[in-house]
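Notes follow once the structure below has been shown.
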Amino acid sequence: MRALYKHPDPKLRYLVRSHGAHRWAQRLCIGKDVAQCGIYRQAHHEKITVEDLSKEAQGLCQDMEKLGEGEPDWQAANEKLAEVVDALKTASEPAPGRLAPAEGLFALRELLKQTEKGSMDDERCSAFEMEEADVPGHMLRYLKADTTGSDPTPERWDLFCESFGDHSKQSRKGLTRLMKALHAVIETGEALPVWRHKKERGLKALIETLPLKLRHLPGSEEETCSALELHLPKSAQAALLVSVEPLVPVADINRYLFKVTPCTDPLYLSYCHRLVGCSIRDQDAEKTFEVEGFEILSQGLPIAVHVLRPPDGGDSQRMILANRNYVLDGPLKAASEVPNLQLKVALNQLQALTKDEDYVASLDRLQQKLTGSEGEAEENQNLIGSDAVAAAMSQKALEKVAQVAATFSSEEALAALAEEKSRYAQATGVTDAGEGTPAEQGVDPSMRVHMVMIAVSDE
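Here the sequence shown is numbered in our numbering, starting from 1 and rising by one per residue.
Dropping the structure here:
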């Protein structure tokens with residue numbers, strides 16, 4: 001490849017650049033896995049050491065930098081590809097001199113044919129150029145003119161099938177070439193050998209779980225550690241280890257994170273309180289629910305959950321609405337319609353940033369502060385968090401609640417505090433005597449994200 005690039009013929013130099021050689025060489029300089037660098041096609045790469053490849057890659061990068069050449073501008077260098085992309089992007093905006101969508105699809109089919117059979121003098125299209133031009137993305141957006149649906153538009157699907165389908169011998173060959181080209185686009189990013197460590201397992205390797213480490217990040221600059229970290233055992237605080245399957249969708253991991261990540265964002269917590277008393281429409285279940293209440297789980301991880309009830313009766317159920325595909329079935333409450341909203345949000349933040357065993361003591365300290373008996377609470381300060389970082393975060397949250405409570409009358413603040421203590425005691429099953437049975441079930445942070453052949457509800 002380096003020898004081709006040093007050739008004086010500009011067509012050969014562009015050929016090297018058009019296949020993403022510069023990016024591949026950069027990846028190879030810093031990576032040790034050749035297969036993950038893209039475009040590498042050497043069948044007997046075990047005969048070439050990674051060190052030798054890395055050395056050649058560094059030399060190629062230096063050669064390109066000397067000539068001031070990096071990745072090529074596909075729009076300027078490949079006019080036919082630019083016309084195809086323009087036809088797909090502006091399918092709803094026809095203009096003189098611009099290819100119609102059908103012509104663009106036929107032009108793409110011809111371009112793929114020339115790439116496979118043509119010579120260097122013919123118009124061609126490499127997988128790297130298709131990636132840079134986002135041909136797969138433009139194709140999908142063209143087929144799905146209605147972004148709210150999951151199916152392609154019938155008229156446009158017919159045009160696509162006429163170019164890449166069973167209509168003719170050329171269209172069938174075009175579909176084969178298109179599939180090869182799309183696979184090649186994927187390979188420009190990676191070539192993952194799923195059987196690498198367990199070749200004898202075959203396809204079973206696709207359903208065997210892999211450990212995935214999730215590192216916690218603070219929710220804001222003021223937080224010295226994440227809210228989730230405070231509620232995990234010491235062994236899991238560095239990184240949360242979960243089991244996932246190789247083909248698990250990222251959306252499943254996102255849903256899992258919603259289940260195990262406490263929320264301290266004041267805007268979202270305020271929105272959650274304003275939902276109480278409203279109606280929502282679950283678009284997946286195609287059901288309407290009345291939002292009866294909102295609370296933070298008091299056992300295990302402090303996750304934000306809503307209590308919902310069908311309007312025609314039935315049992316109430318708790319849901320993590322952040323994990324649901326829902327819309328409001330009516331207006332949202334105004335912030336002024338929720339009593340003591342700011343104080344409720346501050347208490348939610350305090351619970352999320354305080355360890356379970358210290359939350360009741362924090363509420364007691366807050367009550368003493370509001371009633372003017374702070375002197376009696378001095379001896380209880382050592383109960384607020386065994387860890388210095390956790391204690392500092394809890395103390396900041398406690399001070400914020402006190403500041404918010406100062407904007408209310410003492411009667412309103414004490415009433416809201418008593419309501420929170422009663423809710424927490426009922427949820428945990430802890431009475432003044434310290435005995436009882438928990439009414440909630442906590443969320444296990446080490447649960448599997450995805451499991452084959454086992455159906456688990458989102459909640």
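Backbone N, C-alpha and C define an ideal beta-carbon position, used for all residues, glycine too.
- In its chain, beyond the 5 residues on either side, Glu292, Gly293, Ser316, Arg318 have a beta carbon closer than 7 Å to the beta carbon of valine 307.
- Under DSSP, phenylalanine 294 takes part in a beta bridge, and its partners are His306.
- Around the Cβ of valine 327, a 10 Å sphere holds fewer than 16 other Cβ atoms; the residue is exposed.
- Taking all protein chains shown into account, glutamate 131 has 16 or more neighbouring C-beta atoms within 10 Å of its C-beta and is therefore buried.
- By the Cβ neighbour-count rule, serine 126 is buried, with 16 or more other Cβ atoms within 10 Å of its own.
- For leucine 257, the enclosing alpha helix (DSSP H) has its first and last residue at 250-260.
- The beta carbon of proline 302 is closer than 6 Å to those of Pro262, Ile296, Gln351, Ala352 in its chain, skipping five residues each way along the sequence.
- Under the three-state reduction of DSSP, proline 136 is assigned to helix.
- By the beta-carbon neighbour count (other beta carbons within 10 angstroms, threshold 16), tyrosine 268 is exposed.
- With contacts defined by Cβ atoms closer than 8 Å, valine 260 and leucine 347 do not form a contacting pair.
- Arginine 156 and alanine 397 have their C-alpha atoms roughly 56 Å apart.
- Each of Tyr359, Ser298, Gln283 was checked against the Cα of glutamine 426, and the nearest Cα belongs to Ser298.
- DSSP places leucine 417 in the uninterrupted alpha helix (DSSP H) bounded by 410-428.
- In this structure, leucine 210 lies near proline 246, with their beta-carbon atoms less than 8 Å apart.
- Here the alpha carbon of glutamate 412 sits roughly 56 Å from the alpha carbon of leucine 140.
- Cβ contact annotation for valine 85 (same chain, cutoff 6 Å, sequence separation greater than five): Ala133, His138, in chain order.
- When Thr188, Asp252, His22, Tyr359 are compared, the shortest CA-CA separation from threonine 428 is found for Tyr359.
- A Cβ-Cβ separation of about 6 Å places alanine 405 in contact with leucine 370 under the 8 Å criterion.
- With fewer than 16 other beta carbons inside 10 angstroms of its own, threonine 176 counts as exposed.
- Rounded to the nearest whole angstrom, the C-alpha separation of lysine 213 and leucine 275 is 34 Å.
- DSSP lists Ile280 as the bridge partner or partners of phenylalanine 289.
- When DSSP states are grouped into helix, strand and coil, lysine 213 belongs to the strand group.
- For glycine 174, same chain residues with a beta-carbon under 8 Å away, outside a window of 5 residues either side, are Arg109, Leu112, Lys113, Ser163, Phe164 in chain order.
- CA-CA distance, arginine 124 to lysine 169, rounds to 21 Å.
- Residue state for glutamine 317 is assigned as strand, using DSSP reduced to three classes.
- Taking all protein chains in view, the Cβ of lysine 355 is crowded by 16 or more other Cβ atoms within 10 Å, so the residue is classified as buried.
- DSSP places leucine 247 in no alpha helix (DSSP H); its state is neither H nor E.
- Of all alpha-carbon atoms in Thr153, Met179, Asp63, the one lying nearest the alpha-carbon of serine 92 is that of Thr153.
- In this structure, the beta-carbon distance from glycine 104 to glutamate 83 falls below 8 Å.
- Asparagine 325 is positioned such that its CB atom lies closer than 8 Å to that of glutamine 283.
- DSSP places leucine 99 in the coil class of the three-state scheme, outside both helix and strand.
- Taking leucine 341 as the centre and dropping the five residues before and after it, the same chain places the C-beta of Ser270, His273, Arg274, Ala335 closer than 8 Å to its C-beta, in chain order.
- Scanning the segment 341-375 from its first residue to its last, no whole beta strand (DSSP E) run of 3-plus residues comes out.
- The DSSP-derived three-state label of leucine 301 is coil.
- For valine 338, the three-state secondary structure derived from DSSP is coil.
- Here the alpha carbons of leucine 417 and glutamine 367 stand approximately 7 Å from one another.
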